[in-house]
Amino acid sequence: MRKNIVAGNWKMNKIFPEGIELIKEIKEKSKELQNVKLIVAPPYIFLNEAGTILSDKQIGLGAQNCSNKINGAYTGEISPEMLTSTNTEYVILGHSERRTYYNETDELINEKIKICIDNRLKPIICCGEVLQEREDNKHFDVIEKQIHGMLKDISEEQIDDIIIAYEPVWAIGTGKTASSEQAQEMHQFIRNIVSKLYNNETANNISILYGGSCKPTNAKELFSNPDVDGGLIGGASLKANDFIEIAKSF
Ligand code: PEP
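First residue of the sequence shown? That's 249 in my numbering, and the numbers climb one at a time after it.
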């Protein structure tokens with residue numbers, strides 16, 4: 249059966265000592281949690297130290313991106329193999345901020361997914377429509393295209409390592425949250441796509457997270473939906489108490 253997951257995407261926030269303190273605080277406070285897998289995705293340079301602090305793997309460690317190349321002359325890039333060598337187990341791919349500011353396409357994200365899985369990294373793959381697309385009633389088409397593009401030639405075996413995050417772009421960092429009905433409707437739609445591409449069992453086993461201004465005050469309602477298996481949390485993951493409160497919402 250699929251897992252309940254709460255993953256924190258720290259984005260480009262915190263300096264090194266603050267980040268390490270936050271990881272220690274989250275680790276301490278997470279001891280009271282049951283029935284939910286926590287993942288933290290700090291900036292790259294925190295991963296090595298975080299990998300040591302979280303070496304018992306009770307909390308999963310994730311990166312926010314990685315290269316689509318194995319190794320070589322790619323200045324400034326970080327390879328999947330480098331990430332696994334620091335105890336990093338997960339990687340967020342295709343976040344809307346990477347799509348918007350760094351022109352990442354479904355094709356590039358698909359390349360990254362393949363190379364990550366080859367290197368034992370579990371991708372958290374993001375999809376989401378912008379406000380105009382929702383207002384034009386194109387949100388289902390947009391999500392279907394993104395999922396198909398990202399999962400191109402991904403085998404039934406490989407999909408088992410993937411987590412999907414639905415993150416309506418209009419809800420990210422804006423304080424606007426998708427309603428519980430909007431989230432459930434889209435998550436069910438995504439699960440149906442996975443079922444058509446693979447099979448029912450795969451669709452039932454895949455965790456689909458909601459992201460977009462999720463906080464302690466709205467997490468319970470969002471997570472109570474049958475197809476919402478947790479959250480990808482931005483802003484609220486930067487405070488240990490809020491992050492843990494969200495994780496307690498199951
Ligand atoms: C995110 O960026 O993945 C996100 C969901 O951000 P926020 O929770 O701040 O809206």
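For each residue, glycine too, the CB sits at the ideal point set by N, CA and C. Everything numeric in this text was worked out from a predicted model, so none of it was measured.
Drop a sphere of 10 angstroms on the beta-carbon of residue i, count the other beta-carbons inside from all chains shown, and report buried for 16 or more, exposed for fewer.
i	result
Asn448	exposed
Ala321	exposed
Lys360	buried
Arg439	buried
Phe264	exposed
Ile293	exposed
Ser461	buried
Report, in whole angstroms, the separation of the C-beta atoms of residue i and residue j, which I expect to be a contact under 8 Å.
i	j	result
Cys374	His343	5 Å
Ile301	Ile271	5 Å
Met398	Asp354	5 Å
Ile274	Val288	6 Å
Between which two residues does the beta strand (DSSP E) harbouring residue i extend?
i	result
Tyr414	411 to 414
Tyr338	338 to 341
Cys364	Where Cys364 is concerned, there is no enclosing beta strand (DSSP E), although the alpha helix (DSSP H) it sits in stretches over 354 to 366.
Any heavy atom of the ligand PEP closer than 6 Å to the beta-carbon of residue i?
i	result
Asn257	yes
Leu295	no
Ile420	yes
Gly483	yes
Gly308	no
Ser461	yes
Leu232	No answer is possible for residue 232: it lies beyond the span of the chain, which begins at 249 and ends at 498.
Spell out the partners DSSP gives residue i in its beta bridges.
i	result
Ile456	Ile412
Ala289	Asn257
Leu309	Val288
Lys487	In DSSP, Lys487 forms no bridge with anything.
Pro474	Paired residue(s): none; Pro474 is not in a bridge.
Pro371	Val339
Leu480	Ala255, Gly459
Using 7 Å as the limit for Cβ to Cβ distance, is residue i near chain C?
i	result
Glu329	Checking the listed chains, one finds no chain C in this structure; it contains a single protein chain.
Check for me: the alpha helix (DSSP H) holding residue i runs from which residue to which?
i	result
Pro328	328 to 332
Gly267	264 to 277
Ser428	428 to 445
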